[in-house]
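In UniProt numbering, the protein residues as written are 1 to 300.
Encoded structure:
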């Protein structure tokens, strides 16, 4: 099997990243989020816009917001703006353009190569979700969802969306959730608790989640009493959600466990990746009410 065919497979725990620069710092974005990369074009400034928002631009008839990544990260502006690049992305059910200083190359890596940032230097407000060591240098894996949430808090997961579902009974069902973002773990805890699910076990990545599940599965007779459903993000250090789903569905005890992929990367183009690894459902963030209804369908 050649490299190109391997890259087309789902569940290999590999990804491609686009390396880009802001000043002297190197960052990365998942290729699955990138639609195209452009040279600078005229951007129309919007009065009283958020400080991170540079303005809007037109691309083949669509009006797209342009986010200044240097501003979002608190770094200096470009010293050579005519050489800057625009990264056109699609995730969270929307297209967004990110203005960066340079785009260098694409790397194929394993999620196992991405280390979780230390709490010592990350802090609660950090936009960094992982550190990648490449050729003796460190490349920082950016949390683009968090940047957009800072610009528009209403675009995130909201308890109010669950309340619109009406009164709900408390559920005894036990759910395992793999989500690397501390902010999103908190939001999911609030919203799923509001939906009546009180037994929630959170993990920061797929590796920790599968270790926990395989340990429970050692006692097959009582396993079904310990966990009834798994919710997983896709992008996570150490092990991504596609590989986690594949591991679950290939395990003789875990295979019947329903798995919902809840990610910003659920698009028409990428939906097949989750289907290939056996996901029972795929829901795009931040559609929390749709997630709750799907949980109801699968385990209530």
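For glycine and all other residues, C-beta sits at the position ideal for the given N, C-alpha and C. Here the structure is a predicted model, which means the values were calculated and not measured.
Original post:
Can you pull the DSSP bridge partners for residue 130?
Top reply: The count along the chain shown starts at 1 and reaches residue 130 at position 130. According to DSSP, which records beta bridges pairwise, residue 130 is partnered with 141.
Subject >> Segment contact, 8 Å Cβ cut-off, at least three pairs: the region 77-93 with the region 33-44 >> reply: yes
Original post:
Is the Cβ-Cβ distance between residue 229 and residue 175 less than 8 Å?
Top reply: As a position in the chain shown, residue 229 is number 229, starting the count at 1. As a position in the chain shown, residue 175 is number 175, starting the count at 1. A distance below 8 Å separates the beta carbons of residue 229 and residue 175.
**OP:** Check whether the region 163-182 touches the region 220-236, taking contact to mean three or more Cβ pairs, one atom from each stretch, closer than 8 Å.
**Re:** yes
Original post:
What is the DSSP secondary structure of residue 60, reduced to helix, strand or coil?
Top reply: Position 60 of the chain shown, counting from 1, holds the residue named residue 60. Three-state DSSP puts residue 60 in coil, outside helix and strand.
Original post:
By how many angstroms is the C-alpha of residue 189 removed from the C-alpha of residue 260?
Top reply: Taking the first residue of the chain shown as 1, we reach residue 260 at position 260. Taking the first residue of the chain shown as 1, we reach residue 189 at position 189. Between residue 260 and residue 189, the C-alpha separation is close to 16 Å.
**OP:** From the DSSP output, in three-state form, read off residue 276 for me.
**Re:** In the chain shown, the residue the question calls residue 276 occupies position 276. Reduced to three states, the DSSP call for residue 276 is helix.
Original post:
Per DSSP, residue 21 forms a beta bridge with which residues?
Top reply: Taking the first residue of the chain shown as 1, we reach residue 21 at position 21. DSSP lists 26 and 102 as partners of residue 21.
Original post:
Whose CA, out of 133, 49, 292 and 142, lies closest to the CA of residue 110?
Top reply: Taking the first residue of the chain shown as position 1, residue 110 is located at position 110. When only C-alpha atoms are compared, the closest one is 133.
Subject >> Cut-off 6 Å between Cβ atoms - residues of its own chain near residue 255, not counting five sequence neighbours on either side >> reply: As a working note, residue 255 is residue 255 in the chain shown. Counting only Cβ-Cβ distances below 6 Å, and skipping sequence neighbours, we find 249.
Subject >> Rounded straight-line distance, which links the Cα of residue 262 to that of residue 297 >> reply: The residue you call residue 297 lines up with position 297 of the chain shown. The residue you call residue 262 lines up with position 262 of the chain shown. Residue 297 and residue 262: Cα-Cα distance of roughly 15 Å.
Subject >> Between the CA atoms of residue 76 and residue 280 - distance to the nearest angstrom >> reply: Along the chain shown, read from residue 1 onward, the residue named residue 280 stands at position 280. Along the chain shown, read from residue 1 onward, the residue named residue 76 stands at position 76. Computed Cα separation, rounded: 45 Å.
**OP:** Look up residue 229 in the DSSP assignment and say whether it is helix, strand or coil.
**Re:** For the purposes of this step, residue 229 is taken as residue 229 along the chain shown, with counting starting at 1. The three-state reading of DSSP puts residue 229 in strand, counting E and B together.
**OP:** Would you check if there are 3 or more beta carbon pairs closer than 8 Å linking the region 13-31 to the region 126-145?
**Re:** Yes, the region 13-31 touches the region 126-145.
Original post:
How many Å lie between residue 73 and residue 187 at the Cα?
Top reply: As a first step, residue 73 must be located in the chain shown, where it is residue number 73. As a first step, residue 187 must be located in the chain shown, where it is residue number 187. Distance between the alpha carbons of residue 73 and residue 187: 23 Å.
Original post:
What residues are listed by DSSP as bridge partners for residue 220?
Top reply: Walking along the chain shown from the start, residue 220 turns up at place 220. Residue pairing of residue 220 in beta bridges, as defined by DSSP: absent, with no partner found.
Original post:
From what residue to what residue does the beta strand (DSSP E) around residue 284 run?
Top reply: The residue you call residue 284 lines up with position 284 of the chain shown. Taken as a continuous stretch (DSSP letters only), the beta strand (DSSP E) holding residue 284 covers 281-284.
Original post:
Hey, residue 241 and residue 196: beta-carbon distance below 8 Å or not?
Top reply: As a first step, residue 241 must be located in the chain shown, where it is residue number 241. As a first step, residue 196 must be located in the chain shown, where it is residue number 196. Not a contact, by the Cβ cut-off of 8 Å.
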